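Numbering (this note's numbering), first residue to last: 432 to 682.
Think of the CB as a built atom: it goes at the ideal place given N, C-alpha and C, for glycine as much as any other residue.
Note that the coordinates shown come from a computational prediction; the quantities given were computed from them, not determined experimentally.
Notes follow once the structure below has been shown.
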Ligand SMILES: Nc1ncnc2c1ncn2[C@@H]1O[C@H](COP(=O)(O)OP(=O)(O)OP(=O)(O)O)[C@@H](O)[C@H]1O
Ligand SMILES: [Mg+2]
């Protein structure tokens, strides 16, 4: 495995369809994607355009019908399901659109799970700290059914960030939050990007979120396109240099 790949994500020729009975539902066709290490990318597109499906492929939770994906230098096609689970545990944080919290566990135990499964010490302390950062310091021992929708979303965010992943895949992370809480979640996610160089892929309809990303891509008709918004932000052609890109953003 290369030590420091230039691109955290390299996807080539990705196609994907779902099968319902004898019918095939095409979702993605010939998608190519390069995301430089440490950058932030928003993915926009209408409902049903395949945004969640693309995140499922990038996380290895679904396999593409065709094409290849390298994450942090590792070819997902070369890994079995245990290998994919290890990769996620060590290097990827995922915020699912529908949270996927474990109903029998408290907020604290849900958030601590990735570190506990990796056998890391200090899992509960780290989870407590992350829950405090998303404003849930007073809800540590509530189970998901005892939390509001926005609070459940914030537990899911804390769980995705607790192991400080190299890559964060987030599906509408501010979708259920009021303006003020959404802003603190954006701040948390971008501070991780700045402090740890975490690469961000954010599916979002939140314009404030997309505006702060280095690039905005749009999924339409099964294909992914760079938007005019990205072009406008970069006077020079995109070089893959994260610092240069961030400097190019408007204040
Ligand atoms: N398990 C499944 N089986 C069959 N079809 C599916 C399945 N999951 C999603 N689809 C279909 O695939 C298409 C893409 O779904 P996807 O969830 O990726 O869209 P999305 O862009 O995330 O939409 P939204 O903005 O509403 O979350 C949709 O037309 C959906 O109906
Ligand atoms: Mg979706």
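Backbone secondary structure at residue i - three-state DSSP
| i | result |
| --- | --- |
| residue 465 | strand |
| residue 611 | helix |
| residue 593 | coil |
| residue 494 | coil |
| residue 524 | strand |
| residue 483 | helix |
| residue 631 | strand |
| residue 445 | strand |
Residues bridged to residue i (per DSSP)
| i | result |
| --- | --- |
| residue 440 | 466 and 502 |
Beta-carbon proximity of residue i to residue j, cut-off 8 Å
| i | j | result |
| --- | --- | --- |
| residue 558 | residue 589 | yes |
| residue 472 | residue 593 | no |
| residue 610 | residue 528 | no |
| residue 491 | residue 465 | no |
| residue 459 | residue 523 | no |
| residue 479 | residue 650 | no |
| residue 468 | residue 439 | yes |
| residue 530 | residue 455 | no |
| residue 634 | residue 474 | yes |
| residue 555 | residue 543 | yes |
Segment limits, alpha helix (DSSP H) that includes residue i
| i | result |
| --- | --- |
| residue 602 | Run containing residue 602: none in the alpha helix (DSSP H); it sits in the beta strand (DSSP E), 598 to 602. |
| residue 547 | 538 to 548 |
| residue 642 | 638 to 642 |
Residue range of the beta strand (DSSP E) that includes residue i
| i | result |
| --- | --- |
| residue 564 | Element bounds for residue 564: not the beta strand (DSSP E) but the alpha helix (DSSP H), 554 to 564. |
| residue 410 | Outside the modelled stretch of the chain, which goes from 432 to 682, sits residue 410, for which no answer is possible. |
Collect the residues with a C-beta less than 6 Å away from any heavy atom of ligand 2 and give them in sequence order along the chain.
-> 482, 483, 528 and 602
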